[in-house]
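With my numbering applied, the sequence shown corresponds to residues 248 to 378, in that order.
Written out below as structure tokens is the structure these notes cover.
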Amino acid sequence: MESKRQQKFSRLIQKELAEVFQREVPHLFGGAYISVSVVRMSPDLGLARVYLSVMNAKDGNEMLLQELRVNTKTIRHLLAQRIKKQVRVIPELVFFLDDTAEYSAKIDQLFANLDIPPAPEEDEDDDTYTR
């Protein structure tokens, strides 16, 4: 369970990283749309695990994730420029792909393919219960 401080810090990082990805570095990722799904902070606020959703990735999500890891230093610097007056330490960033949308689509597909027989109809003439 995250503390209130971790939650506030993760919301700040999420908001500012979203701005960085959309306004300052979209050229680094070939026009792919990157949204920040969740940010999880370590208890000492020194490490941010950033979960990203990606759309329109030309080379695939894994290649984009590799490109993100190469450019982590640049992204962290741009983040630092935005939040340096609000925080004491700029956290290290670790990027992960958020696959919850794919997972939920897979679960929906599994439910759609289930063959559930209808419940047996009960006799309406059954007078075991009196009113």
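Don't be surprised by glycine CBs; every beta carbon is placed ideally from N, CA and C.
Going by beta carbons, L299 and I281 fall inside the 9 angstroms limit.
Assignment of E339 by DSSP, reduced to helix, strand and coil, places it in the strand class.
Contact between M288 and Q253 holds, since their C-beta atoms are separated by about 4 angstroms, short of 8 angstroms.
For the pair I260 and V301, the Cα-to-Cα distance works out to about 18 angstroms. Close CB contacts of E339 within its chain, under the 8 angstroms cut and outside five residues either way in sequence, are with G293, L294, A295 and R323 (chain order).
Between R316 and F342, the C-beta spacing is below 9 angstroms. Listed in chain order, the non-local C-beta contacts of E271 below 6 angstroms within the same chain comprise L325, local neighbours out to five positions each way being set aside. Beta-bridge pairing by DSSP links Y280 to M302. Beta-bridge partners of A348 (DSSP): none assigned.
When secondary structure is reduced to three states using DSSP, V286 falls in the strand class.
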